[in-house]
Amino acid sequence: MAELAGVQSTEQGGPELRKRAFLSAAGAFLDGYDLLIINAALLAIVPTFELSGSQTGLLTSLPFIGMVIGALTAGRLCDRFGRRRVYMIDVVAFLVITLALAATQEFWQLVVLRFLLGIAIGMDMPTGTSMLAEFAPRKQLGRLTSLMQTVWVVGGMIASIVGFILFQLLGESSWRWMFASAAIPALLIAIMRHSLPETPRWVAAQQSAPPQRAPGRGFSEILRSRTFRTAVAFFTIYWVVESFLGGPPFVYTALIFNKVLDFGSSQALLLSAVLSFVYVLANVFAQFVILDRVGRKPLAVVVCGIAAVGAIATGVLANATVGLVIGFGIFAVATQVAPLPFWPWSVEQLPTRIRATGQSIGSAGGKFGQFIGLNIFTTTTIAGIGWTTYFVGVGVAFAALAVFVLIVGKETKATDLDALDAAL
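Taken in order, the sequence shown gives residues 21 to 444; the numbers are from my numbering.
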């Protein structure tokens with residue numbers, strides 16, 4: 021098909037494919053940067069605004085409700101009007117809101133703007149994932165769609181470093197500069213994205229769609245089809261549970277070690293920055309070495325098992341500082357590799373006409389899981405129910421998730437998107 025020339029031209033990779041992949045996944049960078057910059061900023065915001073544990077939980081978790089709304093809205097819009105239009109809107113919105121955050125004076129302003137920022141971030145998830153899938157050659161489908169997770173942890177790593185440096189230089193006034201710093205990558209991404217074209221597969225799907233499969237009917241088509249319902253239900257459940265369990269320790273890393281284990285602020289931030297670097301190395305290895313060779317299902321089962329062991333070790337070694345840091349590190353790294361299979365799962369089981377819509381359900385579910393987890397498992401809660409009880413419980417839950425994937429999960433390695441469109 022002539023419409024797929026853009027895909028065929030990148031079949032062997034090269035600069036054009038790398039450019040498209042990077043810009044498609046760039047929204048995930050902003051997501052990771054924002055989450056980790058708030059991790060550092062909280063050490064300055066909490067004393068500045070004298071926040072309680074519930075207020076801290078609201079500030080960190082409310083953006084995830086915004087992401088739920090943004091993802092569900094953007095998924096349908098992407099399938100109806102195209103991927104390119106939506107991702108230009110969301111990155112410009114991110115830029116404007118980030119600058120406004122740096123100028124806030126009241127706690128309620130922080131809350132409102134963080135919620136709006138969540139909507140902008142959420143809009144990019146189904147957009148970027150669909151674009152990655154539809155630009156990717158078949159043999160690189162897994163590693164390119166999972167780029168969303170790797171770029172996300174790169175954003176987090178850079179944010180951890182920036183947050184550590186700004187906190188050392190400016191102390192409790194550093195949080196404004198931390199928020200403002202996110203505007204720099206947002207501006208660069210907005211400028212570079214302007215040259216990225218619409219995906220050839222989306223264009224072809226619009227031209228060939230019969231009336232009963234007209235754009236904009238994605239949610240109803242998913243609900244009517246048992247095949248689509250089953251696929252979306254599986255990867256959404258996986259993402260909800262993983263996010264619920266793995267999100268709070270990741271976002272609260274610095275606060276956990278500062279407030280619960282009495283690490284100094286600088287020590288806590290340094291530990292968070294070091295862990296974020298390890299996250300990147302682990303994700304790159306899993307993405308480029310394991311995912312397309314071994315498969316999505318085996319990777320998910322193994323990494324959830326490792327997360328279970330690491331969490332239980334963290335709980336049991338509560339009074340052994342060195343052992344605790346190692347156990348927590350194993351747990352934290354595993355929880356940041358566990359999302360990798362979700363990204364190819366969420367695009368390799370759905371045809372182009374409903375791909376973004378279905379993916380948006382999974383993304384929205386994951387963000388809702390993080391919202392619930394961040395509200396339930398605040399640092400105050402962890403200190404209240406006990407370190408051991410919390411982490412052993414999380415470990416058992418991750419073990420159950422591994423069993424769920426082993427029994428219900430589907431291997432989608434080597435999926436041909438053209439054949440998928442023709443069959444479904």
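Every residue, glycine too, gets a C-beta built ideally from N, C-alpha and C.
If you're wondering where the values come from, they're calculated on a predicted model, not measured in any experiment.
- In this structure, M151 sits near R103, with a CB-CB distance shorter than 7 angstroms.
- Taking A206 as the centre and dropping the five residues before and after it, the same chain places the C-beta of L50, V111, F114, L115 and T118 closer than 7 angstroms to its C-beta, in chain order.
- By the C-beta criterion, the region 80 to 89 is judged to be in contact with the region 374 to 394, since at least 3 inter-stretch pairs fall below 8 angstroms.
- When secondary structure is reduced to three states using DSSP, G382 falls in the helix class.
- Residue F101 holds the alpha-carbon nearest to the alpha-carbon of A225 among L63, F239, F101 and G47.
- The region 62 to 81 makes no contact with the region 236 to 246, as fewer than three CB pairs between them are under 8 angstroms.
- For W365, the closest of L319, G393, G343 and R373 by C-alpha to C-alpha distance is L319.
- For the 7 angstroms CB-CB criterion, V106 and A94 form a contact.
- With a threshold of 16 other beta carbon atoms within 10 Å, R375 meets it and is buried.
- Short of 7 angstroms from the beta carbon of T149, and not among the five residues preceding or following it, lie these beta carbons of its own chain, in chain order: T165, M168, W363, S366, V367 and Q379.
- When secondary structure is reduced to three states using DSSP, F114 falls in the helix class.
- Leaving aside the five residues that flank S194 on each side, the residues in its chain whose CB is nearer than 6 angstroms to its CB run, in chain order, A64, L186 and F187.
- The C-beta distance from G238 to R96 rounds to 6 angstroms, short enough to fall under 8 angstroms.
- Between the region 346 to 358 and the region 294 to 311, the count of Cβ pairs shorter than 8 angstroms is three or higher; the stretches touch.
- Judged by DSSP in its simplified three-state form, F127 adopts helix.
- Beyond the five residues adjoining it in sequence on each side, K433 comes within less than 7 angstroms, by CB distance, of G162, D312, G315 and R316 in the same chain, given in chain order.
- Under the 10 Å beta carbon count, R249 is surrounded by fewer than 16 other beta carbons and is classified as exposed.
- In this structure, A122 lies near F199, with their beta-carbon atoms less than 7 angstroms apart.
- C-alpha of I346 to C-alpha of L426: approximately 27 angstroms in a straight line.
- A contact is defined here as three or more CB-CB pairs under 8 angstroms, and the region 407 to 414 meets this definition with respect to the region 331 to 343.
- Each residue's CA atom was taken as its position, placing V174 and G382 some 22 angstroms apart.
- At the C-beta level, A403 and L265 stay beyond 7 angstroms of one another.
- Within the same chain, and ignoring the five residues on either side of G47 in sequence, the residues whose Cβ sits closer than 6 angstroms to its Cβ are D144 and G148.
- According to the DSSP assignment, L63 belongs to the alpha helix (DSSP H) that extends over P35 to F69.
- A331 places its beta carbon 7 angstroms or farther from that of L295.
- DSSP places G102 outside both helix and strand once states are collapsed to three, so it counts as coil.
- Distance from T372 to E218 at the Cβ level is roughly 12 angstroms; contact not present, criterion being Cβ atoms closer than 8 angstroms.
- Taking each of P361, I141, L56 and V322 in turn and checking the Cα distance to I89, the smallest one comes out for I141.
- DSSP, read as helix, strand or coil, puts D436 in coil.
- Apart from the 5 residues on each side of it in sequence, I310 sits with its Cβ closer than 6 angstroms to the Cβ of L319 in its chain, given in chain order.
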